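Start counting the sequence shown at 232; every next residue gets the next number (the numbering used here).
Backbone N, C-alpha and C define an ideal beta-carbon position, used for all residues, glycine too.
Please read all numbers here as calculations on a predicted model, not as lab measurements.
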Amino acid sequence: MAESHTLIVEVLYHGLTQLDFTGPHTIFSRIPGAEVIVASEPGGPIESDDRLTFAGTKCKYLDFRNRREADNSGTRLRDT
């Protein structure tokens, strides 16, 4: 039997409440076979409502149909 693969994308935004992210992330990251991507529209660091910074969020643009990461110009960065 083939192992199933689940893609979960958590989208962060400036001003989010930290607990709204970390609670679900704790559960999602423990699902067997799940790939969790932390993303944001601008990519890079995101600051929460209490000034906690989440560094290293994924790309500015995600093409889920092709599972490809790209920057805003559409340049392919990585196939998954």
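Cβ-heavy atom distance, residue i to the ligand SAH, below 7 Å
| i | result |
| --- | --- |
| residue 276 | Absence of the ligand SAH from the depicted structure is noted, as is the absence of any ligand whatsoever, leaving it without description. |
Which listed residue (the options) has its alpha carbon closest to that of residue i
| i | options | result |
| --- | --- | --- |
| residue 284 | 238, 253, 240 and 237 | 253 |
| residue 279 | 238, 244 and 239 | 244 |
| residue 271 | 251, 255, 286 and 250 | 286 |
For residue i, three-class secondary structure by DSSP
| i | result |
| --- | --- |
| residue 263 | coil |
| residue 255 | helix |
| residue 247 | coil |
| residue 279 | coil |
| residue 240 | strand |
Rounded distance between the beta-carbons of residue j and residue i, thought under 8 Å
| i | j | result |
| --- | --- | --- |
| residue 289 | residue 267 | Rounded, the Cβ-Cβ distance is 10 Å, inconsistent with contact. |
| residue 237 | residue 265 | 4 Å |
| residue 239 | residue 259 | 5 Å |
| residue 241 | residue 255 | 7 Å |
In DSSP terms, what residue i is bridged to
| i | result |
| --- | --- |
| residue 286 | None, per the DSSP bridge assignment. |
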